[in-house]
Structure formats: structure tokens, C-alpha cells
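In my numbering, the protein residues as written are 141 to 299.
Read the structure below first, then the notes.
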């Protein structure tokens, strides 16, 4: 950490953004138990482009809702065996993208998976946190909250 890049404190859950994907707000759980960050990817499918491996998926930014999906296509950076919190091992695509956390944009390696049973559409892992973030496990949303209409959209069911 340099003097120009101070450490920031975040809570156990935060609003994040994925600026390169056009996703301004997404609720995320800050997970110090996870090495790599993870994103809930809908309609996940791999494909080839110009001899390279790519992946196409949808991001549904609102919890418990399929409204306002964002379709994304990215090159595959890697494939990794990941053990879930339940002990299940699965191979996941890994992509590189920018993550906005507490107003700062940091590059991140993110695994893509279906997180239907989880309460958050994204987990932010230690690879991101070691870039100058401390976690206060008793706090939430230290990085700020989106406008009220965004928070309301996040609460709507279904769609």
C-alpha cells in the first residue's frame, strides 16, 4: 500500500458496481473466507471467438428478481476448481473485470456460478480486499448506498 492509496474500511455487506459491465449497483457480501470473488451468472454458456474461449452470461442486479438483466460477453481468463461453503467442488469460469468498492475501482478475478440459494448476487473475496480494504464485521454499507429508487428496485420480488 502506498501513501497515495490509503486503506479503507468496508462492512460485511456493501453496494458495489461493475462499471465495465454497465452494472452500477449490486449488493455484495464481503467474504474473507473466499480467496476469489464470485458473481451469480444467469444463462451461463461458453463459446469460441477468434480461437479464444469466451463466456456469455446475464447479470441480474436485483436480489430475488430477474428484472433489468445485463447480458455480458467476456474472454475466459482461467478455469478453476472451487469448493463452495457447503463443501461441493465445481469447475468455474474465471473472468477479469473492474469492481467498484467504496468509491474505488479495482481489477478483480471473478468466478462465475449459479448462486440461487444465496442471499447476495456477489461475494467479494480476499484478492480484492488485499488491495487496501479492511472489514468491520459489525458494520454494513460503509461505502455508501445508492439512491432510494435503486434500493426500492432491489427489494421488488419476481419480475
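Ideal Cβ placement from N, Cα and C applies to all residues, glycine included.
Computed from a prediction, not measured in an experiment: that's the story for all the values here.
Option nearest residue i by Cα separation, candidates the options
i           : options            : result
residue 182 : 248, 292, 262, 156 : 262
residue 244 : 230, 220, 269      : 269
residue 225 : 203, 286, 234, 178 : 178
Bridge partner(s) assigned by DSSP for residue i
i           : result
residue 197 : 212
residue 177 : 250
residue 169 : 153, 263
residue 164 : Answer is none; residue 164 lacks a bridge partner.
residue 221 : 231
Exposure label - residue i; buried when at least 16 CB within 10 Å
i           : result
residue 170 : buried
residue 147 : exposed
residue 174 : buried
residue 274 : exposed
residue 187 : exposed
Local conformation of residue i per DSSP, three classes
i           : result
residue 184 : strand
residue 271 : coil
residue 285 : coil
residue 148 : strand
At 3 residues or longer, what runs of the beta strand (DSSP E) sit wholly inside the stretch 223-250? 229-241
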